[in-house]
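Undergrad:
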Amino acid sequence: MDSQVTIIVFTSVLLALSQAFTFQSPENCKWRLQDGNKNKIALDCSIRTINSDFDIFKFRSDQSEQITSINVDCSDVFFFQSTMEPRAFQSFYHLQQLDIQFCKFKSLPAGIFLGLDNMKSLTVRTHNSDWSAMALELISNSLVGMPHLESLDFGENNLWDLPERVFCPLPALRHLNLTANRLQEVSKVGVVRGCGAHLVTLDLSANDLVALPKAGLAGLKSLRELYLQYNKISILHDGAFVGLSALNVLNVSSNRLVALPPDVFNETTGLQELYLQNNSLSVVALGLFCSSQSAHCIGYIC
């Protein structure tokens, strides 16, 4: 009986402590516990712009160490420019997820994410297409400081090109989303010459790509899913998918293709799903969807 009373009292004390826990969140931010853990706090902030006066950059160290997730929405009504300094988030050592929406950055300076050793997921969507004069610019060191980043979403940023080795500081990167930008050449995507070798998913949909050159993505030996729909691709060169033997899903729908090279899928021996709808294909070579080298045929074609 005494043991039961002790358990009930102990449980009640724990419950009271959890209910009594408070956290002083910045102005225009709300906080919430993640998984009921007071050492894992998520911040959801709605502000006009991000700049050096943003309250979360003034947190005490004991507060910032508890924060594992930050979601920031800037005003989408007024087109005010946002800016961030190098090491802007360095006090948030345990931060794992950062999502920034509608904040109109013109550039991301070198070292802006330094100190985020535990970061797993980063999303920066400026929606700069709403403000056509504003195009996001990255430099080669914009993404240093996140060695464990697995997922990166830079969609809807009005990006025209990317530095050649911009993703090299991200050895753990598996998922890259560059949808709805202005990219015109695969060579300007920043995943060539050894960078992005461990990518599993690459989304280049809704850009301005016009062709896929021979071996254009050959360095992405681990790539399983490639999304190229809603571009302006009229040419797939012979050998366009050289080096992509791990590819399972390929979407080139809603482009301007009129023909396909007879051996274009020879290298993609693991391809299971192929999406070609909404093109202008009139003639398809016999055996195009079966590899003579491996006797493999694509399982699903749309």
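Letter by letter, the sequence shown follows residues -20 to -1, 1 to 282 in mature numbering (1 follows the signal peptide of the UniProt record, and there is no 0). Where is the CB? At the ideal position from N, CA and C, for every residue including glycine.
(1) Please name the residue or residues paired with residue 80 in a DSSP beta bridge.
(2) Check this for me: beta carbons of residue 137 and residue 104, under 8 Å apart or not?
(3) Between residue 186 and residue 80, what straight-line distance do the alpha-carbon atoms span, to the nearest angstrom?
(4) What whole-angstrom Cβ distance do residue 213 and residue 189 have, given they're in contact under 8 Å?
(5) Do residue 239 and residue 268 come within 8 Å of each other at the CB atom, strictly closer than that value?
(6) Could you spell out the range, first to last residue, of the beta strand (DSSP E) harbouring residue 14?
(7) Residue 215 by DSSP, collapsed to three states: which one?
(8) Decide if residue 56 is buried, meaning its Cβ has at least 16 other Cβ atoms within 10 Å, or exposed.
(9) Taking only runs of the beta strand (DSSP E) that begin and end inside the region 104 to 134, which ones reach a length of at least 3 residues, in chain order?
(10) Per DSSP, what kind of secondary structure is residue 180 in: helix, strand or coil?
(11) Mapping the DSSP letters down to three states, classify residue 30 as helix, strand or coil.
(12) Please say whether residue 223 and residue 198 have beta carbons closer to each other than 8 Å?
(13) Note down, in chain order, each residue of its chain lying with its Cβ closer than 6 Å to the Cβ of residue -11, except the 5 sequence neighbours on either side.
(14) Taking 8 Å as the threshold (C-beta atoms), are residue 44 and residue 77 in contact?
(15) Given a cut-off of 8 Å, decide if residue 32 and residue 53 are closer than it, judged by their beta-carbon atoms.
(16) What first and last residue would you give for the beta strand (DSSP E) that runs through residue 197?
(17) Step through the CB atoms of chain B and report whether any lies within less than 8 Å of the CB of residue 25.
(18) So for residue 24, helix, strand or coil by DSSP?
(19) Are the Cβ atoms of residue 182 and residue 149 separated by less than 8 Å?
(20) Grab the span of the beta strand (DSSP E) containing residue 207 for me, first residue to last.
(21) Following the continuous beta strand (DSSP E) through residue 74, name the residue where it begins and the one where it ends.
(22) Straight-line CA distance for residue 87 to residue 133?
(23) May I ask which residues mark the beginning and end of the beta strand (DSSP E) holding residue 229?
(24) I need the boundaries of the beta strand (DSSP E) containing residue 253, first residue and last residue.
(25) Looking at the unbroken beta strand (DSSP E) that takes in residue 157, where does it start and where does it end?
(26) Going by beta-carbon coordinates alone, are residue 48 and residue 84 separated by less than 8 Å?
(27) Kindly indicate which residue of 245, 12, 119, 256 has the alpha-carbon position closest to the one of residue 145.
(28) Would DSSP call residue 36 helix, strand or coil?
TA: Straight from the coordinates:
(1) Its beta-bridge partners are 52, 104.
(2) Cβ distance < 8 Å, so residue 137 and residue 104 count as in contact.
(3) The straight-line gap separating the alpha-carbon atoms of residue 186 and residue 80 is approximately 21 Å.
(4) About 5 Å separates the beta carbons of residue 213 and residue 189, which is inside the 8 Å limit, making them a contact pair.
(5) No, Cβ-Cβ distance for residue 268 and residue 239 is not below 8 Å.
(6) Residue 14 -> beta strand (DSSP E) spans 9 to 14.
(7) Correct three-state label for residue 215: strand.
(8) Answer is exposed; the Cβ neighbour count stays below 16.
(9) Counting only runs of 3 or more, we get 131 to 133.
(10) Three-state DSSP puts residue 180 in coil, outside helix and strand.
(11) Coil.
(12) Less than 8 Å separates the beta-carbon of residue 198 from that of residue 223.
(13) Confidence is the limiting factor: at residue -11 the pLDDT is only 46, short of 50, which leaves the residue's position unreliable, though a coordinate-based value still follows. So no residue of the chain qualifies.
(14) No; because the gap between Cβ atoms is not below 8 Å, this pair is not in contact.
(15) No, they are not a contact pair.
(16) Note, residue 197: premise wrong, no beta strand (DSSP E); not H, not E.
(17) The chain inventory of the structure shown lacks chain B, comprising one protein chain alone.
(18) Of the three classes helix, strand and coil, the one that applies to residue 24 here is strand, per DSSP.
(19) Using a Cβ distance threshold of 8 Å, residue 182 and residue 149 do not count as a contacting pair.
(20) Here the beta strand (DSSP E) through residue 207 covers 205 to 207.
(21) Annotation: residue 74 is outside any beta strand (DSSP E) and is labelled neither H nor E by DSSP.
(22) Answer to the nearest angstrom: the Cα atoms are 16 Å apart.
(23) That run of the beta strand (DSSP E) goes 229 to 231.
(24) It spans 253 to 255 - the beta strand (DSSP E) in which residue 253 sits, taken as one unbroken run.
(25) Following the DSSP letters along the chain, one finds residue 157 inside the beta strand (DSSP E) bounded by residues 155 to 157.
(26) At least 8 Å separates the beta-carbon of residue 48 from that of residue 84.
(27) When only C-alpha atoms are compared, the closest one is 119.
(28) If DSSP states are grouped into helix, strand and coil, residue 36 belongs with the helices.
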